[in-house]
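Residue numbers for the sequence shown follow the numbering used here, so the first one is 58 and each next one is one higher. One structure is given here, and the rest of the page talks about it.
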Amino acid sequence: MLILLPPSEGKAAAGRGRPVDLDSLSLPELTPARAKVLDALVDLCGDADRTDEAMTVLGLSASQRGEVERDARLRNAPTLPAARLYTGVLYDALDLASLGPAQRRRAQRYLLICSGLWGAVRLRDRIPPYRCSMTVRLPGVGALGAFWRESMPAAITGAAGRGLVLDLRSSAYATAWTPTGEVAGRTATVRVLQETRPGDPSSRTVVSHFNKATKGRLVRDLLNGDDNPRRPNDLVDVLRALGYQVEAERPERGRPWQLDVVVASV
């Protein structure tokens, strides 16, 4: 099973380890693309005459000016494992640090965190704190979603092997890879709906906090369990056995499954 996660805007303040080594990161087929994005980002942010441009490109406010300075130092910045870098609602609910040894091993095998800067990383990959979302359009690179579409398909399908792909990415990160063909048939996306009036489907809404927290809790429950679903319909059965209210229909051939997880509270 391969579980695709979005990154979080919130990140650890600083690393402590050696600078990033692109050749040491997982999914080595992404190395040339990573180098191109890293060079473009550092060059933009490292030019004092382009600070205002960098802030606009990265979508930063005046109070976030320090993010440009941090990105300018990315080549030499201390790193930490991706498992400790990303924070925020989803990662708080997932709470990787409190998993037992067996569950951590599963997390290392199953989880892939998508990134505008790195493409995708495993939990043990050492990277520095950064600011660069998939919505960014970098000078010399262009829109990152479109840029990563060139190299991401081979990397993700290779990482998935013949197993299930559970796609929990947000819409911005979903632009970098769209499952097609045979892979789509064993891919499941998840939408979390809050039902404010139990039993009344008309009261369902998509709420960001519920979406992120539920996805984090769902991944944690899968890691804690003994099941390893191979196909989306197997995943539906596993999630229902874990107590989730899941609605799903078999899609047309060549399209991923969409699973609706209905919650009243986190």
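Each residue gets a CB set at the ideal place from its N, CA and C atoms; glycine is no exception. Just so we're clear, the structure is a prediction, and the values are computed from it rather than from any experiment.
Let me check understanding here. Comparing Cα to Cα, which of the options lies closest to residue i?
i, options, result
"leucine 62", "Arg162, Ala270 and Ala119", "Ala270"
"methionine 58", "Arg132, Asp284, Arg194 and Arg307", "Asp284"
"aspartate 106", "Thr237, Ala129 and Ala139", "Ala129"
"threonine 232", "Phe204, Leu156 and Ser120", "Phe204"
"leucine 279", "Gly218, Ala140 and Arg162", "Arg162"
"isoleucine 60", "Leu98, Pro286, Asp149 and Arg194", "Pro286"
"glutamate 306", "Ser259, Gly242 and Asn281", "Gly242"
"threonine 237", "Gly199, Glu309 and Thr113", "Glu309"
"leucine 137", "Val263, Leu296, Val77 and Pro258", "Val77"
"glycine 72", "Asp152, Ser155, Gly123 and Pro185", "Pro185"
"serine 190", "Leu223, Gln165, Asp224 and Ser228", "Ser228"
"proline 258", "Thr244, Val303 and Leu98", "Val303"
"glycine 300", "Gly311, Pro313, Gly282 and Trp314", "Gly282"
"methionine 182", "Leu156, Gln165 and Thr246", "Looking at the sequence shown, residue 182 is not methionine but aspartate. Checked all of Leu156, Gln165 and Thr246; the closest Cα to aspartate 182 is Gln165."
"leucine 79", "Ser260, Thr253, Arg312 and Trp175", "Trp175"
"glutamine 121", "Val319, Pro64 and Tyr187", "Tyr187"
"valine 193", "Thr113, Thr88 and Pro89", "Thr113"
Return helix, strand or coil for residue i, following the three-state DSSP convention.
i, result
"tryptophan 234", "coil"
"aspartate 78", "coil"
"serine 208", "coil"
"aspartate 182", "coil"
"glycine 171", "The sequence shown places cysteine at residue 171, not glycine. Here cysteine 171 sits in strand by DSSP."
"proline 63", "coil"
"tyrosine 148", "helix"
"glutamate 252", "strand"
"valine 263", "coil"
"alanine 70", "coil"
"threonine 214", "helix"
"alanine 154", "helix"
Would you kindly work out how many angstroms separate the C-alpha atoms of residue i and residue j, rounded to a whole number?
i, j, result
"leucine 131", "glycine 256", "50 Å"
"arginine 248", "leucine 292", "14 Å"
"glutamate 86", "leucine 168", "18 Å"
"alanine 321", "lysine 272", "14 Å"
"aspartate 317", "asparagine 268", "11 Å"
"threonine 244", "aspartate 104", "42 Å"
"tryptophan 234", "isoleucine 170", "13 Å"
"histidine 266", "valine 146", "7 Å"
"glycine 197", "leucine 98", "10 Å"
"glutamate 110", "glycine 173", "18 Å"
"arginine 219", "aspartate 152", "28 Å"
"alanine 70", "aspartate 149", "16 Å"
What does the Cβ neighbour count give for residue i, buried or exposed, with the cut at 16 atoms within 10 Å?
i, result
"glutamate 126", "exposed"
"serine 208", "buried"
"arginine 226", "buried"
"glutamate 66", "exposed"
"valine 46", "Only positions 58 to 323 of the chain appear in this structure, which leaves residue 46 out of reach."
"glutamate 124", "buried"
"aspartate 224", "buried"
"alanine 297", "A small fix is needed here, since residue 297 is arginine in this sequence, not alanine. Exposed, since its Cβ has fewer than 16 Cβ neighbours within 10 Å."
"alanine 211", "exposed"
"valine 263", "exposed"
"alanine 154", "exposed"
"alanine 177", "buried"
"proline 64", "buried"
Look at the Cβ atom of residue i, then the Cβ atom of residue j, and state whether they are nearer than 8 Å.
i, j, result
"arginine 179", "alanine 139", "yes"
"leucine 221", "proline 135", "no"
"valine 53", "leucine 201", "The displayed coordinates of the chain run from 58 to 323. Any statement about residue 53 would go beyond what the structure contains."
"leucine 101", "leucine 195", "yes"
"alanine 216", "leucine 84", "yes"
"valine 319", "arginine 261", "yes"
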